[in-house]
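Under our numbering, think of the first position of the sequence shown as 707, with each following residue one higher. We treat Cβ as the ideally placed atom computed from N, Cα and C, and that holds for glycine. The next block holds one structure in the form of structure tokens; read it before the comments.
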Amino acid sequence: MTSQPVADRAVDEVVDIVSRLIRFDTTNTGEADTTKGEEECAKWVAQLLEEVGYTTQYVESGRPGRGNIFARLPGPVDSDRGALLVHGHLDVVPAEPADWSVHPFSGTVSDGYIWGRGAVDMKDMVGMALALARQFKRDGTVPPREIVFAFLADEEAGGTWGSHWLVENRPDLFEGVTEAVGEVGGFSLTVDRPDGTQRRLYLVETAEKGLSWMRLAADATAGHGSFLHSDNAVTEVAEAVARLGRHTFPLVMTESVSQFLATVSDETGLDLSPDAPDLDTTLFKLGNLARIIGATLRDTANPTMLKAGYKANVIPQKAEAVVDCRVLPGRQEAFEKEVDELIGPNVTREWITHLDSYETTFDGHLVDAMNDAILAHDPQGMTVPYMLSGGTDAKAFAKLGVRCFGFAPLQLPPELDFAALFHGVDERVPVEAVVFGTKVFEHFLLHS
């Protein structure tokens, strides 16, 4: 691939940059031998930055091909403010071309959308950051504080060979950084108001649930499938998985979720108070995003994998299951106790992966800059904090004491099922949303 010709403004080249990023197949399967494309894509990103004058650092995070790019844009010489980290990941989850309307790595621009794997997760924000970094360097812009641009590997497999490796082994790359912005936030949610009008709320991520992938296992006596067996590993694991998968964990109101629900209640007139008798049902009046918001009211434990046996007439000695657990801030100990009661004494558990939850407050200069940037381009908009039910690289940067937010601004059509696009078939992002987001992100970075 050749580099993009120099354009006058970020908005002139952002759509093409996002499309080109999607054309790099950076599929992250979670297995080293089948994960690909990160190095090639990272070096192309470096080329775009270097051709406008940046000095970049290419860093492999613990394994060959796990490419990461860093570049710094200096702030005022006499500034005593910490640097702002703008981070995005280059890897994407797998996609099966036969299931898609367009090839998932075509980067097709049609019908008002940019199509392809990574369009919303998260090559749209990577493209916006790249386009603005290039514009700032061409224009000789001095931002109000130093900006560290980081384009990272392995987020889709938990960041073990990406952000977490970098934080643990190369903390010097983040020297001076005090705050950070990345995915998943800044997108609009259109709600209906009691007077018949609508309001666009822009959700800023201030919290993330913890991620704990758990393996359940049971051992039993192997034997012939035709005999009577008092212990059966498959039965033990299956029953434990069923109890866990059907269990509803208690409702817990964190600060981020409480503020979000209070704002939405004020705007819509819906009763979304913690003691509302039909809160879960009422949430679905918010539309497709309710699946994400609903998942931030409680811990979740979703069984995702089962493994047992090798022949139809043999009782296996071992059975296993994998459960995807997402835990609210401050709930880990109580969650584990509840899980142990549900799975019973004959099933063991171990964590395959564990990443802590994260939460910060919705206040301060950076939050004001986000709100001002939204209002500059959507005077009827409003920023509101929310909790992400998944996780991002922010979990790694929080270990360094960095205050993290999700802010990748997009003004979305009210009818678009945005939540379904993450890791979904026919992933796509509106062209107008990306252009809008670039303008908002420019305003934000110049006032951050």
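I'd like to check one pair, residue 771 with residue 764: are the Cβ atoms closer than 8 Å? As a first step, residue 764 must be located in the sequence shown, where it is residue number 58. As a first step, residue 771 must be located in the sequence shown, where it is residue number 65. The Cβ atoms of residue 764 and residue 771 do not sit closer than 8 Å to each other.
Kindly list the residues whose CB is nearer than 8 Å to the CB of residue 873, restricted to its own chain and excluding five residues on each side of it in sequence; keep chain order. On the sequence shown, residue 873 is found 167 positions in, with the first residue counted as 1. When the five nearest sequence neighbours on each side are left out, the beta carbons in the same chain lying within less than 8 Å of the beta carbon of residue 873 are those of 880, 1102, 1103, 1105 and 1106, in order along the chain.
Residues bridged to residue 889 (per DSSP): Mapped onto the sequence shown, residue 889 falls at position 183. Its beta-bridge partners do not exist; DSSP assigns none.
Helix, strand or coil: how does DSSP classify residue 742 here? If you number the sequence shown from 1, residue 742 lands on position 36. Residue state for residue 742 is assigned as coil, using DSSP reduced to three classes.
Classify residue 1008 as helix, strand or coil using the three-state DSSP reduction. The count along the sequence shown starts at 1 and reaches residue 1008 at position 302. DSSP places residue 1008 in strand when its eight states are reduced to three.
Exposed unless 16 or more other CB atoms sit within 10 angstroms - verdict on residue 957: Numbered from 1 along the sequence shown, position 251 holds the residue referred to as residue 957. By the 10 Å Cβ count, residue 957 comes out exposed.
Chain-order list of residues whose beta-carbon lies under 7 Å from that of residue 1146 (same chain, five-residue window excluded): Taking the first residue of the sequence shown as 1, we reach residue 1146 at position 440. If we look at residue 1146 and ignore the five residues flanking it on each side, its Cβ neighbours are 1079, 1080, 1083 and 1115.
Just mark residue 1004 as buried or exposed, buried being the case when its beta carbon has 16 or more other beta carbons within 10 Å. In the sequence shown, the residue the question calls residue 1004 occupies position 298. Buried.
Within 8 Å, do at least three Cβ pairs link the region 1049-1062 to the region 970-984? Because the criterion of three Cβ pairs below 8 Å is not met, the region 970-984 and the region 1049-1062 do not touch.
Assuming residue 720 contacts residue 833 under a Cβ cut-off of 8 Å, what Cβ separation, rounded to an integer in Å, is found between them? For the purposes of this step, residue 720 is taken as residue 14 along the sequence shown, with counting starting at 1. For the purposes of this step, residue 833 is taken as residue 127 along the sequence shown, with counting starting at 1. Between residue 720 and residue 833 a beta carbon distance of about 5 Å is seen, short of the 8 Å cut, so the two are scored as contacting.
Does DSSP classify residue 1013 as helix, strand or coil? In the sequence shown, residue 1013 corresponds to position 307, counting from 1. The answer is strand: DSSP assigns residue 1013 an E or B state.
Going by the CB atoms, is the gap between residue 1068 and residue 910 shorter than 8 Å? The residue you call residue 910 lines up with position 204 of the sequence shown. The residue you call residue 1068 lines up with position 362 of the sequence shown. Cβ atoms of residue 910 and residue 1068: closer than 8 Å.
With DSSP as the reference, please indicate the residues paired to residue 952 in a beta bridge. Here residue 952 refers to the residue found at position 246 when the sequence shown is read from its first residue. Beta-bridge annotation (DSSP): residue 952 is not paired with any residue.
Helix, strand or coil, according to DSSP, for residue 795 in the structure here? In the sequence shown, the residue the question calls residue 795 occupies position 89. If DSSP states are grouped into helix, strand and coil, residue 795 belongs with the strands.
Please name the residue in 1040, 1139 and 1024 whose C-alpha comes closest to that of residue 893. For the purposes of this step, residue 893 is taken as the residue at position 187 of the sequence shown. For the set 1040, 1139 and 1024, the Cα lying nearest the Cα of residue 893 is the one of 1139.
Paired residues, beta bridge with residue 1056 - DSSP: Looking up residue 1056 in the sequence shown gives position 350. In DSSP, residue 1056 forms a bridge with 921.
Kindly indicate which residue of 1128, 813, 904 and 1007 has the alpha-carbon position closest to the one of residue 972. Against the sequence shown, residue 972 aligns to sequence position 266. Looking at the Cα atoms, 904 is the closest of the given residues.
Among 1108, 1012, 782 and 796, nearest to residue 746 - alpha-carbon criterion: Counting from 1 along the sequence shown, the entry for residue 746 is found at position 40. For residue 746, the nearest C-alpha among the options comes from 796.
Tell me whether residue 1148 counts as near the ligand GTP, meaning its Cβ is closer than 7 Å to at least one heavy atom of that ligand. In the structure on display, the ligand GTP does not appear, and there are no ligands present to speak of.
Please say whether residue 1034 and residue 988 have beta carbons closer to each other than 8 Å? Along the sequence shown, read from residue 1 onward, the residue named residue 988 stands at position 282. Along the sequence shown, read from residue 1 onward, the residue named residue 1034 stands at position 328. One thing to note: residue 988 has its Cβ no nearer than 8 Å to the Cβ of residue 1034.
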